[in-house]
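Visitor:
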Amino acid sequence: MGYVLRVRLASFFTGAALASAAGIYFLHKDYKIAHHSISQQVVEVEVNGEKQKSGVLIKKCRYLENSGCVGMCINMCKIPTQDFFTNEFGLPLTMTPNFEDMSCEMVYGQVPPSFEEDPASKQPCYADICSIANPSSSVCPKLQA
25 MGYVLRVRLA SFFTGAALAS AAGIYFLHKD YKIAHHSISQ QVVEVEVNGE
75 KQKSGVLIKK CRYLENSGCV GMCINMCKIP TQDFFTNEFG LPLTMTPNFE
125 DMSCEMVYGQ VPPSFEEDPA SKQPCYADIC SIANPSSSVC PKLQA
């Protein structure tokens, strides 16, 4: 019974990852989308010690790239999206933005960390892009509660 449930959950998470890869295309840029199918954006991740294909790698986030703001990424995209999927759909989702290459990984089935424990909450501003960036501050001022 437990094995069947795990297999069904794993295929559910894989389906969610595929649907989200297709559905979020309009929000995110993937420069190689013309040469690769959407299913290649689905990545294998480890959730609770088990490997499954329930991750989506967004190679270039249009929202982060256009806003150029760490605080907007976290406050207007990451936290609301995680909250929506986890609390409204009952499907845990953890988003991990990469602020160096402006990519983002979405992992379905993984409970998101609290804001205080999330490494993204300690991210500094983009000093060259953000108009309110304070070079002496180690954390983006929009992330402080």
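Take the sequence shown: its letter number 63 is residue 87 in the numbering used here, and every next letter is one higher.
Backbone N, C-alpha and C fix where the C-beta goes; we use that ideal spot for every residue, glycine too.
Please read all numbers here as calculations on a predicted model, not as lab measurements.
(1) What residue range does the beta strand (DSSP E) around Ser91 cover?
(2) Going by DSSP, what residues sit across from Thr118 in a beta bridge?
(3) Alpha carbon to alpha carbon, how far is Thr118 from Glu74? Give it in angstroms, no decimals.
(4) I believe Ala144 touches Lys84 by the beta-carbon criterion, under 8 angstroms. Please report the beta-carbon distance rounded to the nearest angstrom.
(5) Using the beta-carbon count (16 or more within 10 Å), is Asp142 buried or exposed?
(6) Taking its Cβ as the centre, do 16 or more other Cβ atoms sit within 10 Å of Phe113, making it buried, or is it exposed?
(7) Looking at the secondary structure, which residues open and close the alpha helix (DSSP H) in which Ile103 lies?
(8) Once DSSP output is grouped into helix, strand and coil, what is the label at Ile98?
Guide: The answer reads as follows:
(1) First-last for Ser91: Arg86 to Ser91, but that is the alpha helix (DSSP H), not the beta strand (DSSP E).
(2) Val131
(3) C-alpha separation (whole angstroms): 16 angstroms.
(4) Actually they are not in contact, since the Cβ atoms of Ala144 and Lys84 sit about 18 angstroms apart, beyond 8 angstroms.
(5) Buried, by the Cβ-count rule.
(6) exposed
(7) Run containing Ile103: Ile103 to Asp107, per the alpha helix (DSSP H) assignment.
(8) helix
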